[in-house]
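For reference, the structure discussed in these notes is given below.
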DNA sequence: ATTGTCAGATTGACTGACGATCGATTATAG
DNA sequence: CTATAATCGATCGTCAGTCAATCTGACAAT
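Laid out in structure tokens, this is it:
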């Protein structure tokens with residue numbers, strides 16, 4: 291996998307695009323909020339053309355919706371829509387896992403297991419940031435070994451949408467042990483070169499995560515127990 | 291399902307966007323072809339801003355790739371990428387089918403079967419255009435009943451990519467009988483309210499279609515038999 | 001044959017401008 | 001006092017023109 295060494299200066303448009311995406315995903319802009327291009331212009335110090343082009347991209351990704359003659363709004367993610375997103379994510383991750391089980395090299399399998407062991411060992415004492423980083427690594431290794439750029443692209447988009455959710459409301463406090471167990475099943479299935487089992491293990495993992503997240507979303511954000519039973 | 295009757299004049303940008311998409315999907319622009327701003331401007335009679343925004347959308351959809359400082363090119367779909375697209379399509383359609391089996395109303399189930407019967411009866415004598423129309427209808431009914439706007443969106447994008455394939459090279463001449471049989475399995479599973487069976491039936495259907503299409507793609511477009519065994 | 005240079009073309013980005021449209025506010029009529 | 005109508009400001013959609021940076025291809029020089 292040789293990378294091109296070419297340096298290519300990030301165009302202004304990319305910066306706006308990524309900045310705006312980050313702002314939305316991290317919840318700095320509330321869902322439903324209006325984003326007139328004027329304010330985006332002086333927020334990023336860019337001209338209207340660049341801002342509008344960037345907005346188009348995010349529109350296609352589903353992070354903003356553009357109402358005719360009213361401009362861009364931060365996309366609103368209802369509970370039903372969130373459930374749909376999780377459904378799609380489930381099958382896509384399942385496909386990625388299945389594909390990994392089929393095509394990954396031995397090194398990649400070993401690395402995936404290493405990341406999982408990292409999660410199991412350091413996870414319980416890690417803070418949110420580190421935890422997210424480890425999980426992110428797990429996905430990166432998985433997608434790299436899956437040999438399917440398409441599913442990677444789509445999952446990226448979906449994860450952005452999900453992170454929007456996560457930022458606005460919920461975290462998964464008590465779920466870590468279950469996450470570890472569920473992912474172990476994935477890793478084991480992969481080591482056994484069992485694509486079918488990997489598929490259902492991945493899908494079930496996402497399903498569990500969805501159940502918890504959606505339950506949290508459904509309960510109005512007032513009294514919210516620490517206990518979360520999967 | 292009441293639609294808003296409000297007429298909203300399609301903005302220029304949409305027209306460019308759809309026109310360009312259609313042109314690419316129908317193969318009027320060859321894969322890899324360069325699309326300078328200038329050309330698109332006088333082709334659609336629009337200004338550069340409009341054209342560039344439209345191009346951004348298609349970029350996010352994956353129909354065009356933009357090389358820095360070189361501009362937009364019609365996306366090229368290699369055989370491996372095509373296989374990946376089919377893989378993704380497989381799980382998404384499977385999810386749609388499964389979801390339909392779970393959530394569709396009786397009317398929707400009946401309609402789906404009606405469309406299938408239409409295909410089985412009129413299919414063998416229909417021309418390409420009619421055939422595509424019936425299949426399209428099948429998908430529309432399926433997606434409507436699946437109650438998942440997300441999967442519908444993504445499948446739309448994927449179908450565009452696939453149609454690009456189809457336009458450039460292949461049709462599926464002898465496959466119709468198998469298509470009918472495979473879809474019957476889907477419809478039957480749905481009538482039995484068996485989501486799992488529907489899932490695998492859908493996925494297998496796409497897999498079969500992929501096998502044929504990819505085999506055609508792999509053989510250099512010279513001597514190409516009429517016979518296609520699935 | 002490789003390297004260097006230059007002109008033309010194209011992109012990336014910015015600016016200023018114009019009418020059209022929407023939302024809200026105000027004014028008017030009943 | 002309510003309800004409709006007129007008004008107005010903000011924003012969008014679109015265009016045209018400018019400028020610098022970069023790429024392409026051709027031509028010249030080593």
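Chains as they are written, first to last, in our numbering: chain A, 291 to 520; chain B, 291 to 520. For every residue, glycine included, the Cβ atom is placed at its ideal position computed from N, Cα and C.
| Item | Value |
| --- | --- |
| Of the choices A/380, A/408, A/334, whose alpha-carbon is the least far from that of residue 305 of chain A? | A/334 |
| Against chain A, with Cβ distances strictly below 8 Å, would residue 331 of chain B count as a contact? | no |
| With DSSP collapsed to three states, give me the class of residue 489 of chain B. | helix |
| Whole angstroms are fine: how far does the CA of residue 371 of chain A sit from the CA of residue 460 of chain B? | Caution applies to residue 460 of chain B, whose pLDDT of 49 falls short of 50 and renders its modelled position unreliable; the value that the coordinates give is listed next. If I take the Cα positions, the gap works out to 36 Å. |
| When DSSP labels each residue in this structure, what does residue 362 of chain A get in the three-state scheme? | strand |
| Using a Cβ-Cβ distance under 8 Å, would residue 417 of chain A count as near chain B? | no |
| Expressed to the nearest angstrom, what Euclidean distance is found between the alpha-carbon atoms of residue 390 of chain A and residue 414 of chain A? | 27 Å |
| Starting from the Cα of residue 402 of chain B, find the closest Cα among B/482, B/452, B/435 and give me that residue. | B/435 |
| Please return the same chain residues whose Cβ sits closer than 7 Å to the Cβ of residue 363 of chain A, not counting the five positions on each side in sequence. | 322, 323, 324, 325, 354, 355, 357 |
| For a cutoff of 8 Å on Cβ pairs, would you count residue 342 of chain B as touching chain A? | yes |
| Using beta carbons (cut-off 8 Å, strictly below), is residue 440 of chain A in contact with chain B? | yes |
| Just to confirm my understanding: we take residue 383 of chain B, look at its own chain, exclude 5 residues before and 5 after, and list those with CB closer than 6 Å. What are they? | 492, 496 |
| Verify whether the separation of the beta carbon atoms of residue 340 of chain B and residue 327 of chain B is less than 8 Å. | no |
| Please report the residue range of the beta strand (DSSP E) in which residue 305 of chain B lies. | Segment 302 to 315 is the alpha helix (DSSP H) holding residue 305 of chain B; no beta strand (DSSP E) there. |
| Looking at chain A, is there any beta carbon in it that lies within less than 8 Å of the beta carbon of residue 458 of chain B? | With a pLDDT of 49 at residue 458 of chain B, under the threshold of 50, the predicted position of this residue should be treated as unreliable, and no value is reported. |
| Taking the C-alpha atoms as reference points, what is the distance between residue 449 of chain A and residue 426 of chain A? | 10 Å |
| Reducing DSSP to helix, strand and coil, say where residue 415 of chain A ends up. | helix |
| Closest Cβ-Cβ distance between residue 384 of chain B and chain A: below 8 Å? | yes |
| Please state the DSSP three-state secondary structure of residue 469 of chain A. | helix |
| If you follow the alpha helix (DSSP H) that residue 347 of chain A is in, where does it begin and where does it stop? | 338 to 351 |
| Mind checking which residues open and close the alpha helix (DSSP H) that includes residue 393 of chain A? | 369 to 393 |
| Taking only the alpha-carbon atoms, compute the straight-line gap between residue 452 of chain B and residue 416 of chain A and give it to the nearest angstrom. | 44 Å |
| On a Cα-Cα basis, can you pick out the residue from A/443, A/345, A/388, A/500 that is closest to residue 490 of chain A? | A/388 |
| Since residue 495 of chain A sits in a beta bridge, which residues does DSSP pair it with? | The partner list for residue 495 of chain A (beta bridge, DSSP) is empty, contrary to what the question assumes. |
| For my contact list, residue 367 of chain B and residue 310 of chain B are in at a C-beta cut-off of 8 Å; report their separation, rounded to the angstrom. | The Cβ separation is near 17 Å, so there is no contact. |
| Give the C-beta separation of residue 522 of chain A and residue 433 of chain A to the nearest angstrom, bearing in mind that I take them to be a contact with Cβ-Cβ under 8 Å. | What the structure shows of chain A is the stretch from 291 to 520, and residue 522 of chain A is not part of that stretch, so it cannot be assessed. |
| For residue 308 of chain B, count the other beta carbons within 10 Å of its own beta carbon; 16 or more makes it buried, fewer makes it exposed. Which is it? | exposed |
| So, for residue 420 of chain B: in the same chain, excluding its five sequence neighbours on each side, which residues have a beta-carbon less than 8 Å away from its beta-carbon? | 412 |
| Whose Cβ in chain B lies nearer than 7 Å to the Cβ of residue 375 of chain A? | 440 |
| Which first and last residues belong to the alpha helix (DSSP H) in which residue 484 of chain A is found? | Segment: none, residue 484 of chain A is in no alpha helix (DSSP H) and carries neither H nor E. |
| Compute the Euclidean distance between the alpha carbons of residue 487 of chain B and residue 508 of chain B, then round it to the nearest angstrom. | 31 Å |
| From residue 399 of chain B to residue 407 of chain A, what does the alpha carbon distance come to, in whole angstroms? | 47 Å |
| Can you give me the C-alpha to C-alpha distance between residue 361 of chain B and residue 352 of chain B, rounded to a whole angstrom? | 14 Å |
| Counting only C-beta atoms, is residue 491 of chain B closer than 8 Å to chain A at any point? | no |
| I believe residue 441 of chain A touches residue 386 of chain A by the beta-carbon criterion, under 8 Å. Please report the beta-carbon distance rounded to the nearest angstrom. | 5 Å |
| Against chain B, does residue 354 of chain A count as a neighbour if the rule is that its beta carbon must be under 8 Å from one of theirs? | no |
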